[in-house]
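Since the structure comes first, as structure tokens, the remarks are kept for the end.
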Amino acid sequence: MNDRYLNRRHLISAMAVVAALVLLGRLFHIQVVDDSYSRFAERNVVRYVTRYPARGMIYDRNGELMVYNQPAYDLMVIPAQTTEMDTAGLCDMLGITRESFISRMEAASSYSRLVPSLFVRQLSSETYAMLQETLFRFPGFFVQSRSLRDYSLPVAAHLVGYIGEVDRRTIEADEYYRPGDYYGISGIERSYEEALRGTKGVSVYMVDVHGRRSGSFRDGAIDSDPVPGKDIVTTIDLELQAYGELLMQNKRGSIVAIEPATGEILAMVTAPSYDPSLLVGRARSENFRSLQSDTLNPLFNRAIMAAYPPGSAFKPFVGLIAMHEGVITPDMRFECAPGYRFVGCHSHHLPQDLPGAIMSSCNAYFCQIFRRIIENSSFGSVSEAYSGWNQRLHSMGFGSRLTADLMNELPGFIPEPAYYDRFYGEGGWRALTIISLGIGQGEIMTTPLQLANGMASIANRGYYYRPHLVRAIDGEQPGELIAARVETGIDSLDYTHVIEGLSRVVHGGEGATARHIALPEIEICGKTGTVQNPHGENHSVFVAFAPRENPQIAIAVVIENAGFGSTYAAPAASLMIERYLTGTVTNRWREEHILNFSTLAADEEEY
Amino acid sequence: MKRSINIVSNLDWFSVALWLTISVIGWINIYATGYDDRHTGIMDYSQQYGKQLIWLLASVVVAAVVILTDSRFYHLFSYAIYGGALFSLVLVLIFGKEVNSSQSWFEIGGISLQPAEFAKVATALALARYIDGRNINLTSTASLLKSLAIVLLPVALILLQPDLGSAVVYAAFVFVLYREGLNPFIFLSGIVVVVLFFVAVIFEELYSTMVIMAVAMVGVALMSRRYMMTLTLAVAIAGVAAATLLLDRAAGFNIGADRALMAGAVAATLLMVWYNFRFRIRRCMVLLLFMTASIFYIYTVDYVFHEVLRPHQRERINIVLGVESDPLGAGYNLHQSMISIGSGGLTGKGFLQGTQTKFRFVPEQSTDFIFCTVGEEWGFLGSAAVIVLYLVLLMRIQYVAERQRSVFSRVYGYSLFSVLFLHFFINIGMTVGLVPVIGIPLPFFSYGGSALWAFTAMLFILLRLDSERRSRLL
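Going down the list, the protein sequences come from chains P and S. Numbering of the first sequence is given in this note's numbering, commencing with residue 1 and proceeding in unit increments. Numbering of the second sequence is given in this note's numbering, commencing with residue 1001 and proceeding in unit increments.
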């Protein structure tokens, strides 16, 4: 037998021996030399129980408690540590079906077999008491305490927002969260999540082979205490907020009130709204579904998300731009024919100057000055002049998001020149084409918040602070929110003429549109608006600030489908101002008038 | 009657004893992973150890049937068996049951069979039959290509399932080809390239460079017996590296110690070229060239891996190699496996006392990661005993293969040796983080019938051939 390669057997043997030696060497290293694996192993048989911090409380500007905590107990499971057990008994106790038990178990396993997952959320106190006695029979299960939200008044639901279980995406994006954790989903709860949530602590227990706790690991040397969330003081006046929500009952619309000197939001009412405690506890998901499918859309925050054409409430801003661009002086008068071309108006006997035109809300006056702004010869073209107007509006806070701490705010809409170019072709539009912008109609859209902020900038005579909801976090000012004041760029002198007009709206003589809402002691500067609504009854709008000197409150009221601005929005604004400045309401008749008014009843008949 | 008496007296009982010992130790460890205080009886067929007991008894039947079959059968029907195996690999692609997104199992009446395991036996038989043929010379390209085709056909079908682990094992046949005449340069380069690839991806370049240099220096010293020269070379490497490093610090390029060492390697190679002219020691020069080439190869792999490949490609390779560092993510298996083995210490935690394996921290612990239980409960001493047992079995199989008089039997024996060797090294290597995590069982040890029966059949075919080595020239 001829085997030329016989010698090769040695190399092959050598390789097997070397391979075995390599394995032995490696084993010797990790088993005998390196003891870090034993330390890892220790960690595997201890159980980390998360200790949830109390979420921060939320107070109003006067220190009234708005949101606090109530205790709750969740049943958790570590799938890898469960063994065969009295499943039926556990299902009975928890009041769940066998199928539900299996699907919950599978859901937990699919996340991780070794990390605790939420099994049943928010046990009732009876179930909790029963479970405590028998839990040792169910290895792998344990109870974790945590806190739920509770509310002192059933108001301000949209402001404070709600909390809910984290979704998978959030867990992947932020390693702080584990399945079953809660986090803020909307409102202040979301904007200030990091401050409110605090820091989780952990207790480490030794666990025996049966998954039972056999004492604290290293006497608690590596346990950490949870750090409670920080308390937040909001800018909200809870009483005013509640009063505003009362006034808006059975109506659709919103009220936004701002302190002009600081930009602090005093009240932000949206109607219809809901009781925030509906979104707490085990009924949360069911309630959420029914709120979501409600045709009145109570989850929609009209104050910052609904955009309407501002109507006549926009006229003061048109006047300001005209003066700023130098196309009018405040005492120039424009005639009313009545009306202007195809824009109608009530017939005003005498040609009006700026304050008079604001007082009587003369459409003809504002159409003519708008035409002067757009056809201003100091700009090269209509398009450029329009861009200038656009810029002014942006600097007055329209057309972009204003707040820094409300996530869902929408920017409204101020059309760019390109928008009209698309419709009419480049150079195919002139002032007359878009003349309705001059009286706040047409394509322009503003939110109630933007209108209130606009009034704050008039009250301040040329600047505003970004509206915000939080005054202090744990006693400290959240610096970046109290941003430097924003200048509108318009001379403060121009404002005095507009303010004179706004004052006459309430306190002027014949032709003033809101004389009936005047208060005995307080000088209100305001403007009515009636927003044409092609889908139904017009929207009633009123914007105001008070008092005229040293203004304390700027406000915008929008009541959908309520007709003239003077009929409902103006008295509601007057009531809010009086309530905020004096703490009481003197005119009961006016209050009754608003409280008894409903736009929802009419709706229901339609459907 | 006479024949069967012959078989009993000619059987290599030492191998049988090793086979039995390893299988029983394997079962004990499967029992330990499944043990808890509610399942204590060893005959509990709801548990894996209960089922494995049945598989073990069945494997004794398999062994008996194999040993009683005429050895000419294996030679005559080797191609038929090979064809049948290929056919079953095709069938499993059509009728197979999908598990973990690969279609590699038949399910017949509650028993799952994995045709890829049995295909190894068939491939070994077919390769043995082919190389046994007249005028077959593995130094000729045609013969080599045909041999490779026999091995790669089942590999292609297995990759279609896809089952990377089972396919990788077929690389073992390269040892058989080497033993039967494959060009040693191809063989060694292949092994070095594969090993260095893993070394480059898994370890820091600095350490791998240093290890390669140390090996090369030892090699030079042994081959040339010129110890002063070797010392000079080592000093040259260290000196040039240090000087490069100092200059680099001064210039502020910050190239790092590993690249300074590369400069040292280049310098040593140049020095060696000069020594070569002086002492005529060509083999040493080749060795040093080899060393420098290896170091550059490592850096190339590293560069391609980190700079050329896109992150998702890199991640995929990292996951296959098991070097992903995230202990709860892709590297979870490896991390938990090393914890349980490492926590065993010198003497282990004792039978049934393992905590890591009890708590099911380690996935697949009765199949691919069964060695974790050995490591944790029996410690280094127990692990070493198991490794020594396997090494003895391997050496015995090689010894048996070498004593065959027919090429068929020898090639077949080497096939068994090689497949067993690769399974053994990859399986244990992956549990201790030396080898990428490739899901293949530890022969005779892991839970599961298919692999156990296939390896048993493969071993006893050799023992049957061996029992007749004197009486018959196949």
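Built from N, CA and C at the ideal position, the CB exists for glycine as well.
{"query": "Please confirm if the segment 222-229 of chain P is in contact with the segment 195-203 of chain P, defined as three or more CB-CB distances below 8 Å between the two stretches.", "result": "yes"}
{"query": "Could you please give the first and the last residue of the uninterrupted alpha helix (DSSP H) stretch that includes Arg26(P)?", "result": "8-28"}
{"query": "Does the distance from the C-beta atom of Val233(P) to that of Arg61(P) stay below 9 Å?", "result": "yes"}
{"query": "Write down the C-beta distance between Gln1052(S) and Tyr1390(S) rounded to the nearest angstrom, noting that I regard them as a contact closer than 8 Å.", "result": "The pair is not a contact, with the Cβ atoms about 19 Å apart (cut-off 8 Å)."}
{"query": "So, helix, strand or coil for Thr1367(S), using DSSP?", "result": "coil"}
{"query": "In whole angstroms, give me the CA-to-CA distance for Val543(P) and Arg430(P).", "result": "30 Å"}
{"query": "Closer than 7 Å, Cβ to Cβ, to anything on chain A: give me those residues from the segment 1283-1310 of chain S, in chain order.", "result": "Among the protein chains in the structure shown, which are P and S, there is no chain A."}
{"query": "Kindly give me the distance between the Cβ atoms of Ala573(P) and Ile555(P), rounded to whole angstroms, as I take these residues to be in contact under 8 Å.", "result": "5 Å"}
{"query": "Under a CB-based cut-off of 9 Å, is Arg401(P) close to chain S?", "result": "no"}
{"query": "Contact between the segment 466-474 of chain P and the segment 426-441 of chain P: three or more CB pairs below 8 Å?", "result": "no"}
{"query": "When the distance is taken between beta carbons, is Gly565(P) closer than 9 Å to Ser360(P)?", "result": "no"}
{"query": "Under a three-way DSSP split, which group does Cys1372(S) fall into?", "result": "helix"}
{"query": "Out of curiosity, what's the CA-to-CA distance linking Met1(P) and Gln1404(S)?", "result": "Summary for Met1(P): the model assigns pLDDT 44, below 50, so the residue's position carries little reliability; its value from the coordinates is reported in the next sentence. Their backbone Cα atoms lie some 10 Å apart in a straight line."}
{"query": "Would Gln31(P) be called buried (16 or more neighbouring beta carbons within 10 Å of its own) or exposed?", "result": "buried"}
{"query": "Could you tell me whether any Cβ in chain S is nearer than 9 Å to the Cβ of Phe597(P)?", "result": "no"}
{"query": "If you run the structure through DSSP and keep just helix, strand and coil, what is Asp1466(S)?", "result": "helix"}
{"query": "Taking the runs of the alpha helix (DSSP H) that are 4 residues or longer, which of them lie wholly in the segment 63-101 of chain P?", "result": "87-94"}
{"query": "At least one CB of chain P closer than 9 Å to the CB of Gly1449(S): is that the case?", "result": "no"}
{"query": "Pull out every residue of the segment 1152-1186 of chain S whose Cβ sits closer than 7 Å to any Cβ of chain P, in chain order.", "result": "Phe1175, Tyr1178, Arg1179, Glu1180, Gly1181"}
{"query": "Along chain S, which residues have their Cβ under 8 Å away from the Cβ of Ser38(P)?", "result": "Gly1342, Ser1343, Gly1345"}
{"query": "How would you list, in chain order, the residues of chain S whose beta-carbon sits under 8 Å from the beta-carbon of Gln132(P)?", "result": "Result: empty, since nearest Cβ-Cβ is about 25 Å, beyond 8 Å."}
{"query": "Could you tell me whether any Cβ in chain P is nearer than 9 Å to the Cβ of Gln1398(S)?", "result": "yes"}
{"query": "Which runs of the beta strand (DSSP E) at least 3 residues long sit entirely within the segment 435-477 of chain P? Give them in chain order.", "result": "470-473"}
{"query": "Between Pro316(P) and Val498(P), is the Cβ-Cβ spacing less than 9 Å?", "result": "yes"}
{"query": "Give the interface partners of Ala14(P) over in chain S, defined as CB-CB distance under 7 Å, in chain order.", "result": "Result: empty, since nearest Cβ-Cβ is about 11 Å, beyond 7 Å."}
{"query": "Helix, strand or coil: which one does DSSP assign to Asp494(P)?", "result": "helix"}
{"query": "Can you tell which of Tyr1130(S), Arg1134(S), Leu1160(S) has its C-alpha closest to the C-alpha of Lys1146(S)?", "result": "Tyr1130(S)"}
{"query": "Return the chain-ordered list of same chain residues with a C-beta closer than 6 Å to the C-beta of Glu375(P), the five sequence neighbours on each side being excluded.", "result": "Ala431"}
{"query": "Could you list the residues in the segment 304-330 of chain P with a C-beta less than 7 Å from some C-beta on chain S, going in chain order?", "result": "none"}
{"query": "Could you say if the segment 1153-1168 of chain S and the segment 1104-1124 of chain S meet the contact criterion of at least three C-beta pairs nearer than 8 Å?", "result": "yes"}
{"query": "Taking 9 Å as the CB-CB limit, is Gly1433(S) close to chain P?", "result": "yes"}
{"query": "Going along chain S in order, which residues have a C-beta closer than 8 Å to the C-beta of Arg55(P)?", "result": "Within 8 Å Cβ-Cβ: nothing; Arg55(P) doesn't reach chain S, min ~27 Å."}
{"query": "Is DSSP giving Leu266(P) helix, strand or coil here?", "result": "strand"}
{"query": "Tell me which residue opens and which closes the beta strand (DSSP E) that Arg146(P) is part of.", "result": "141-151"}
{"query": "Under 7 Å Cβ to Cβ from Ala1457(S), same chain only, skipping five residues before and after it: list those, please.", "result": "Val1062, Val1066, Val1121"}
{"query": "Does the beta carbon of Glu1117(S) sit closer than 9 Å to a beta carbon anywhere in chain P?", "result": "no"}
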